[in-house]
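These notes are about the structure you will find just below.
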Amino acid sequence: MLNWIASARFRSALLAGLGVGAALTTAPVRSVAAEAKGGKLILGIDETASEYWSEYLQGAHDIADSLGKSPIVLTSNYQGDQLLAQLGATYAAGCHDCALATDPSSNAFVKAVVARSARSKVHVVTLWNRPEDIHPWDTFPQYWVAHTSFDGVMSGYDQAMALCKALGGKGEIAAIEGVPSTPPAYQRIRGLKKALAECPGLKLVDTQVGDWQETKAQDITRAWLARYGSDLKGIFASNDSMARGAVAALRDKGLNGKTLVTGSDGSNIALEMVKSGDMLVTIWNDPVLQGAVSMSLAYAAAIGDIDPEKLTHAQRDFYLKEEPVTKDNVDKFLALKKSQPKYTYEDIKKDFWKDSAGQIPQGANDNK
Amino acid sequence: MIGDRLQLIRSFAPLAFLILLVAASAVIAPGVLQPDSIIGFISDAAPVIALVIGGTFPILAGSIDLSVAGVASVTGVLVVVLNPVFGPWTSLVVVLVAILFGAMQGFVHTWLQLPSFIVSLATLSILSGLALLLSNATAEPVPSDDILVGILGNSVAGIPNTAILLVLIVAVLRLAMRFTRFGRDVYALGSGERAALMSGVNGFVTRTLLFAISAGCAAIAGLFLISVTSFSSPTLAGNLLLLSIVGVVLGGTAISGGVGGLFAAVVGGLITAWLRIVAVIIGVAPTAQNIIFGLTALIAVALTTERKKLGVIK
Amino acid sequence: MTTSDPTARVAAVSEGSGGSARNGLVARLSFLRNHTVWSRLGGPLTALVVLAVAFQLISGSFLTVANLRSVVEAAAVPAIVAAGISFVLIMGAIDLSMEGVMATASMVAALLVANGVNGNHYGVLGLLAALLVSVGFGLFSGVLNAIMRMPSLIVTLGTWFIGLGLAAVLFPQRVPQIKDGLFLAIAQVRILDFSLTVYIAIAMVVLAQLVLTFTRLGRMIYAIGGEELLLAASGIAVRRYKIAAFALSSLFAGIGSLLLSAQLGSGNTDIGSGHLFPAVSASVLGGTVLTGGRGGAVQSALGALILEVLSNGLIQIGAGPYTRNIISGAIILAAVAIGGWNRRAMLRVVK
Chain A
6 MLNWIASARF
16 RSALLAGLGV
26 GAALTTAPVR
36 SVAAEAKGGK
46 LILGIDETAS
56 EYWSEYLQGA
66 HDIADSLGKS
76 PIVLTSNYQG
86 DQLLAQLGAT
96 YAAGCHDCAL
106 ATDPSSNAFV
116 KAVVARSARS
126 KVHVVTLWNR
136 PEDIHPWDTF
146 PQYWVAHTSF
156 DGVMSGYDQA
166 MALCKALGGK
176 GEIAAIEGVP
186 STPPAYQRIR
196 GLKKALAECP
206 GLKLVDTQVG
216 DWQETKAQDI
226 TRAWLARYGS
236 DLKGIFASND
246 SMARGAVAAL
256 RDKGLNGKTL
266 VTGSDGSNIA
276 LEMVKSGDML
286 VTIWNDPVLQ
296 GAVSMSLAYA
306 AAIGDIDPEK
316 LTHAQRDFYL
326 KEEPVTKDNV
336 DKFLALKKSQ
346 PKYTYEDIKK
356 DFWKDSAGQI
366 PQGANDNK
Chain B
330 MIGDRLQLIR
340 SFAPLAFLIL
350 LVAASAVIAP
360 GVLQPDSIIG
370 FISDAAPVIA
380 LVIGGTFPIL
390 AGSIDLSVAG
400 VASVTGVLVV
410 VLNPVFGPWT
420 SLVVVLVAIL
430 FGAMQGFVHT
440 WLQLPSFIVS
450 LATLSILSGL
460 ALLLSNATAE
470 PVPSDDILVG
480 ILGNSVAGIP
490 NTAILLVLIV
500 AVLRLAMRFT
510 RFGRDVYALG
520 SGERAALMSG
530 VNGFVTRTLL
540 FAISAGCAAI
550 AGLFLISVTS
560 FSSPTLAGNL
570 LLLSIVGVVL
580 GGTAISGGVG
590 GLFAAVVGGL
600 ITAWLRIVAV
610 IIGVAPTAQN
620 IIFGLTALIA
630 VALTTERKKL
640 GVIK
Chain C
39 MTTSDPTARV
49 AAVSEGSGGS
59 ARNGLVARLS
69 FLRNHTVWSR
79 LGGPLTALVV
89 LAVAFQLISG
99 SFLTVANLRS
109 VVEAAAVPAI
119 VAAGISFVLI
129 MGAIDLSMEG
139 VMATASMVAA
149 LLVANGVNGN
159 HYGVLGLLAA
169 LLVSVGFGLF
179 SGVLNAIMRM
189 PSLIVTLGTW
199 FIGLGLAAVL
209 FPQRVPQIKD
219 GLFLAIAQVR
229 ILDFSLTVYI
239 AIAMVVLAQL
249 VLTFTRLGRM
259 IYAIGGEELL
269 LAASGIAVRR
279 YKIAAFALSS
289 LFAGIGSLLL
299 SAQLGSGNTD
309 IGSGHLFPAV
319 SASVLGGTVL
329 TGGRGGAVQS
339 ALGALILEVL
349 SNGLIQIGAG
359 PYTRNIISGA
369 IILAAVAIGG
379 WNRRAMLRVV
389 K
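Set out below in structure tokens:
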């Protein structure tokens, strides 16, 4: 009897808790005073609890604010089929002139995401993931507006060349790769290898997979330090999180700043570590800009400001600019992080491709 | 007598919960009940439901199979890699390979008397390595000549073929459970293993079959996924494993074994698939979606668990 | 061995609870005599030595002082969380919530101590708050399992998601850097060239073992894993012990999360990622039986050490990144099979 009372009471408490939770967490309705034409703005991201995706959302929100709209944000937790199901639910009631900017979460789901959107006449801009063989102009060309990414090969190359220069052209280095099936992971390693060919004195003694994660990179670095000790002159970490993990392992041995570490993405902590000397270089990718440009392009196609099929290949499959950050120029980027520009649709519309770094070359997404 | 009737009503609790969930969503967003949306929902849910159906079998006998998502991913990769050898019949061959693999796993688990949790955890690790190795960590287009995948990608009279295959699988398994010894043996093992073994149930054969079915369904789930994506990838099924376990339990199948079945699996799969879109339908802030998923799953289990049939709850 | 005689175990436990001081002491002593923790360490220790020697023979660089140190450093946190989850596994239940608990604990701690995002500087109070939140997760799971009678697997799966969700809600758009000197010192202070983390890990594992071996709570945990029905039938209230076991498991996860956060110098929502399944494997490698009744904190910690030797060794011998998963899966399977070989018997129930 007691048991039953306890459980019944608990159940109702749980239900009440859920009600309150739902009320608290329902997205606040932003003021829609002067809502511009067009349908819903939809964003598909991998997770919310990351600096990169927060900044990406910030850029996309800027655009939405300038249009008096409030975007729908879908979170896939890195699962493509979750994204598909959520898109299905979002399009269920019909979606007129909707615009979607999304990371399809892996190469495998790009075509399905585009097809699903095209069926509901939603215009799509994809980020990061695109299989080598399909492009916006040959797959649902009317609705797949564009694909945009950052040049992973260039990132890897710039990091490795910075190592080469700082080490005087010779020494042993080791590399930590991201999730192996994602284009940035293999592109950055390919960039590293391209640089090694130009800097034969650098010797890559090992490559391990750190899955983009700080803690994994830390454990890998520990094992390397035990094996190679101070013979290891540099660690090529494919992103800033893993660079942080590597620096944490080096710090245990008092080797931070002595064994050189590179990263990519230009996150806040990485910039500070470049300034303090714990990291040699990071590559500045601007997620806020990426959010603003991708959202604007999808919206522009949705309301007819641009006609996707009249765009050139370079306008539909392009990299955004990136830049290596070293101790010499880090202050500029730290200042930029503190006061990000507020983007508007009208601004971006003047030239959608102002910050393009050119068309994505053939073979870039091939992991061969 | 009244107790029996209550019991019967109770076993429909998951179904009632599903109906309630869908009805509540429809009040907020009426569009979700349109035929198009329902069909879209079912084809999105098909991989999860297939995994839940497969995952239910070992659990009915008190074991668990954690390797299902790994099997689904490797299936996708193998359909591409083996195409040059087996041509249009590759996907059928791959499903058979998966069934064999599952049988082996069940055999190892019973023969070495190792807990299924750890055996299937180890095979999960092996499978994820294999998927990366075989695919060279690349997403590859699925060959268009593959017959089964081709069929699954289409629909008959507006009904997706994935749904039709799902119904067929459920029918076949249902008949097997109803009219063969196997069905009785599974429940006997689940509700009291020692007693079952002493009364002549062959634990080896039964468990080997259970894991074969589980892997077979996982492979089908993999085919469902590639029929939608038309690309394979080593991480195709990601962490569908967790969703599938949630589904098994939500349908009313007891994790300790002996209680539940196919009907429960289908209902549980549908509830889980709906839970993962419900946050989008009612417009929950993206940061809170995991919390809502966790809480609603807990509430569903709290409301639908049949505690009377279970002795000790672990 | 006591597990082979559950009635004796139950009798010993109930005696300890209700009987006189003398009876309690007798029960305790007989428990110590019968408890074969130390004899059971043989299997895992053998596996450890075999692996280490094999890696040394292949790579020639495994058994160096520097590398062994790095293995120990890397094993510290996995050992803590493996010891923690043992409390629940020995009961025959399971706790999947670890990764969610760790995510929330890391976020709470990083945002309450001096950090790079907000103006808080609660210092030790912040760390305590994080641990309290962790315990809260455990209590929540425990109550749902023991009082609401819901299966632990699904309950803790739910708490896992809730933990990840809470961490995401707390995440302040930018990785919070930890600036609290005391907090960071946990990872930076070194004694005899080991970081404080290692000593904390050893202390936690020993503490867990002491709780399991010498307290009423510990004995009840084994008893619940052995013969819960018998316990219930003899009128012993088991609910609070179950809840306590979940709370302890989450507390250990929280401590592990804080140590990792100190090492990394920042709050991280991914911090628990990839810790759960290795912790369960570690416990099983150490001889914990998932149906309950057997195992121990020291054994599980040894299991964690074995896994760390494995992952470090595979780097030392230069195994390719994709083949690593395959080899480690196969070795875990082999190790568990060999470890459990002598327990094979007809009619033994294995689930």
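Chains as they are written, first to last, in the working numbering: chain A, 6 to 373; chain B, 330 to 643; chain C, 39 to 389.
We put the beta carbon where it would ideally sit given N, CA and C, even for glycine.
(message) Distance check for glutamine 337/C and serine 299/C, CA to CA, integer angstroms please.
(response) 26 Å
(message) Whole angstroms are fine: how far does the CA of asparagine 112/A sit from the CA of alanine 468/B?
(response) Going from the Cα of alanine 468/B to the Cα of asparagine 112/A covers about 6 Å.
(message) Please list, in chain order, the chain C residues whose beta carbon lies closer than 7 Å to that of leucine 571/B.
(response) Leu195
(request) Provide the residue span of the alpha helix (DSSP H) that contains alanine 432/B, from first to last. (result) 419-440
(request) Compare the beta carbon distance of aspartate 475/B and valine 400/B with 8 Å and say whether it is the shorter of the two. (result) no
(request) Compare the beta carbon distance of threonine 537/B and leucine 518/B with 8 Å and say whether it is the shorter of the two. (result) No.
(request) Return yes when the Cβ of leucine 230/A is within less than 8 Å of the Cβ of alanine 248/A, no when it is not. (result) no
(request) From the DSSP output, read off the bridge partner residues of aspartate 322/A. (result) His152/A
(message) So if I threshold CB-CB distances at 8 Å, which residues from the region 470-484 of chain B count as touching chain A?
(response) Pro470
(request) May I have the straight-line CA-CA distance separating leucine 303/B from leucine 624/B, to the nearest angstrom? (result) Past the edges of chain B, shown from 330 to 643, lies residue 303/B, and the structure says nothing about it.
(message) Could you pull the DSSP bridge partners for valine 330/A from this structure?
(response) Thr287/A
(request) Give the straight-line distance between the Cα atoms of alanine 303/A and alanine 106/A, rounded to the nearest whole angstrom. (result) 7 Å
(request) Could you name each continuous alpha helix (DSSP H) segment of 4 residues or more that falls completely within the region 507-586 of chain B, going from the start of the chain to the end? (result) Note on the region 507-586 of chain B: whole alpha helix (DSSP H) runs with a minimum of 4 residues are 510-520, 522-527, 532-558 and 569-579, in chain order.
(message) What residue range does the alpha helix (DSSP H) around glutamine 91/A cover?
(response) For glutamine 91/A, the enclosing alpha helix (DSSP H) begins and ends at 85-96.
(request) With 7 Å as the C-beta to C-beta threshold (strictly closer), list the residues of the region 431-454 of chain B near chain C in chain order. (result) Answer in chain order: Leu441, Gln442, Leu443, Pro444, Ser445, Phe446, Ile447, Val448, Leu450, Ala451, Thr452 and Ser454.
(request) Might you give, ordered along the chain, the residues of its own chain that have their beta carbon closer than 6 Å to the beta carbon of valine 327/C, omitting 5 neighbours on each side? (result) Short of 6 Å from the beta carbon of valine 327/C, and not among the five residues preceding or following it, lies no beta carbon of its own chain.
(message) Using only the alpha-carbon positions, how far apart do isoleucine 274/C and leucine 267/C sit?
(response) About 10 Å.
(message) Under 8 Å, Cβ to Cβ, is there at least one residue of chain C near phenylalanine 346/B?
(response) no
(message) Can you tell me whether glycine 334/C is helix, strand or coil according to DSSP?
(response) Of the three classes helix, strand and coil, the one that applies to glycine 334/C here is coil, per DSSP.
(message) Looking at the secondary structure, which residues open and close the beta strand (DSSP E) in which threonine 197/C lies?
(response) Here threonine 197/C belongs to no beta strand (DSSP E); instead the alpha helix (DSSP H) covers 190-208.
(message) Whole angstroms are fine: how far does the CA of phenylalanine 175/C sit from the CA of glutamate 52/A?
(response) 22 Å
(message) Let me see if you follow: with CB-CB separation under 8 Å, is proline 359/C close to chain A or not?
(response) yes
(message) Using 8 Å for Cβ pairs, my map puts glycine 196/A next to glycine 157/A. What's the rounded Cβ distance?
(response) 6 Å
(request) Figure out for me which residue from Gly612/B, Thr404/B, Phe592/B and Val613/B has the closest Cα to the Cα of alanine 500/B. (result) Cα-wise, what sits closest to alanine 500/B is Phe592/B.
(request) Classify alanine 179/A as helix, strand or coil using the three-state DSSP reduction. (result) strand
(request) Could you name the residues of the same chain whose beta carbon sits closer than 8 Å to that of glycine 368/A, not counting the 5 residues immediately before and after it, in chain order? (result) The answer, listed in chain order, is Glu137.
(request) Put asparagine 370/A into one of helix, strand or coil per three-state DSSP. (result) Asparagine 370/A falls in the coil class under three-state DSSP.
(request) Return the residue from the list Ile600/B, Gly567/B and Ala379/B that minimises the CA-CA distance to aspartate 86/A. (result) Gly567/B
(request) Please classify alanine 28/A: does DSSP put it in a helix, a strand, or coil? (result) Note on alanine 28/A: pLDDT 39, under 50, position unreliable in the model; the coordinate value appears next. In the structure shown, alanine 28/A sits in a helix (DSSP, three-state: H, G or I).
(message) Distance cutoff 8 Å, beta carbons only. Does proline 376/B sit that close to anything in chain A?
(response) Yes, proline 376/B lies at the interface with chain A (some Cβ there is under 8 Å from its Cβ).
(message) Counting only C-beta atoms, is asparagine 372/A closer than 8 Å to chain B at any point?
(response) yes
(request) Compare the C-beta of glycine 250/A with all C-beta atoms of chain C and state if any pair is closer than 8 Å. (result) yes
(request) Quick one: grab the DSSP three-state call for aspartate 356/A. (result) coil
(message) Closest to glutamate 362/A by C-alpha separation, out of Asp291/A, Val252/A and Tyr191/A, would be which residue?
(response) The residue asked about is misnamed: residue 362/A is alanine in this sequence, not glutamate. Among Asp291/A, Val252/A and Tyr191/A, the Cα nearest to that of alanine 362/A is on Asp291/A.
(request) Consider the Cβ of isoleucine 192/C: report whether some Cβ of chain B lies at a distance smaller than 8 Å. (result) yes
(message) Just to confirm my understanding: we take methionine 300/A, look at its own chain, exclude 5 residues before and 5 after, and list those with CB closer than 6 Å. What are they?
(response) Around methionine 300/A: Ala65, Ile68 and Ala106.
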